[in-house]
Amino acid sequence: MPPAVVALVAPDTGMELQARVGRARFAFVVAMVCALLAAFAQAYRVDTRDATLKNLEKAGQLENMSDRQVEDETTKSNRLYQVGRVVVGVGEAPVFLGLGALAVLGLTWFLRGKAKGRAVVPVAAAVLLPGAIANLLDAISAWQHAALPAKDAVLAPRNLSAIAAVFGHPLVAPWLKLGNALDFFSLWAALLMGYGIAAAGDVTVRRAVVATLIGWVCWRLLTNVAVGG
């Protein structure tokens, strides 16, 4: 079994193996495939008609347009979303791999460790797998819908706010933003990165995991609370 898969359930053992003998290819390919599945599923199911009607009404154009013109605008809007969503899906894994590698190097330097060059990219690749699982669940969820809006589509629950909504107790502001910040798959990835930094950077597990989780909390609060995510 690939070390990156072992790391999902045993991060201490799995990330040590990934840093020592693992390769980036397997985890990267899995992440890429899952990102594309989610992108194509959402692109196929998207229906921007409601959003298009709102935009046309806001612009004062709706009352002067025929049904055919409205359909043409909706089709155009669908195509734009589909192209954009697929482009994001194609770029997601490579971008996150690069950012993950930079994070491993940066945190190792911050903790005064010594990064093992050949271990950095494999560790960053393994960190992609929780997000890949989330994308796979999103793809499955998207296929179960007849149509999806371009924005705020309800797919597989990833965070505390979504879980609360599933159980019929939706969070309200300001707790909604805090609930959005607690993304379970992102937390899982941060935990893997902590163990990966310990293995790839000659840092104690305790220091690496604690520092990574503190950094994760700060980042999630910044992107989901401070800037209104």
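Note that the numbering used here numbers the sequence shown so that position 22 is 22, with each residue one more than the last. Beta carbons: idealized from backbone N, C-alpha and C, even for Gly.
Practice task
Could you check if Arg-220 is buried or exposed, using at least 16 other CB atoms within 10 Å of its CB as the buried criterion?
Solution key: buried
Problem - Residue closest to Gln-82, alpha-carbon to alpha-carbon, out of Gly-106, Gln-69 and Asp-47 - result: Asp-47
Problem - Close beta carbons around Glu-16, own chain, < 6 angstroms, minus the five adjacent residues each side - result: Ala-199
Problem - Burial state of Tyr-44, where buried means 16 or more other Cβ atoms lie within 10 Å - result: exposed
Exercise for the section: Can you check the segment 32 to 63 for any alpha helix (DSSP H) of at least 4 residues that lies completely inside it and give the ranges in chain order? Expected result: 49 to 58
Exercise for the section: Below 8 angstroms on the Cβ atoms is my guess for Trp-125 versus Ala-27; work out the distance and round it to an integer in Å. Expected result: Per the sequence presented here, residue 125 reads as Ala, with Trp not at that position. Contact holds; Cβ gap of about 4 angstroms.
Handout entry: Helix, strand or coil at Leu-171 [DSSP, three-state]
Key = coil
Handout entry: Backbone secondary structure at Asp-138 - three-state DSSP
Key = helix
Handout entry: Contact check, Val-9 vs Ala-39, beta carbons under 8 angstroms
Key = The criterion of a C-beta distance shorter than 8 angstroms is not satisfied by Val-9 and Ala-39.
Exercise for the section: Please list, in chain order, all residues of the same chain as Ala-51 whose beta carbon is under 6 angstroms from its beta carbon, the five residues on each side excluded. Expected result: Ala-150
Practice task
Using beta-carbon positions only, say whether Pro-161 and Asn-135 come within less than 8 angstroms of one another.
Solution key: The sequence given here has Ser at residue 161, not Pro. No, they are not a contact pair.
Problem - Leu-128, DSSP secondary structure in three states - result: Note: Leu-128 maps to coil in three-state DSSP.
Handout entry: Ala-165 versus Ala-156 - alpha carbon distance
Key = 12 angstroms
Problem - Backbone secondary structure at Leu-105 - three-state DSSP - result: helix
Handout entry: Cβ-Cβ distance between Gly-194 and Lys-114 below 8 angstroms
Key = no
Practice task
Would you check if the distance between the CB atom of Phe-110 and the CB atom of Ala-41 is smaller than 8 angstroms?
Solution key: Contact flag unset, no.
Handout entry: Collapsed DSSP secondary structure at Asp-183 in the structure displayed
Key = strand
Exercise for the section: With a threshold of 16 other CB atoms inside 10 Å of the CB of Met-32, please say whether the residue is buried or exposed. Expected result: buried
Exercise for the section: Whole angstroms is fine: what's the gap from Lys-177's alpha carbon to Ile-214's? Expected result: 18 angstroms
Exercise for the section: To the nearest angstrom, report how far apart Trp-143 and Arg-49 are at their CA atoms. Expected result: 19 angstroms
Problem - Spatial neighbours of Val-209 in its chain, beta-carbon cut-off 6 angstroms, leaving aside the 5 residues before and after - result: Counting only Cβ-Cβ distances below 6 angstroms, and skipping sequence neighbours, we find Gly-194.
Exercise for the section: Would you mind working out which of Ala-19, Asp-152, Ala-7 and Ala-24 sits nearest Leu-97, comparing C-alpha positions? Expected result: Minimum Cα-Cα distance from Leu-97 among the listed residues Ala-19, Asp-152, Ala-7 and Ala-24 corresponds to Ala-24.
Problem - Outcome for Gln-69 when other beta-carbon atoms lying within 10 angstroms are tallied against a minimum of 16 - result: exposed
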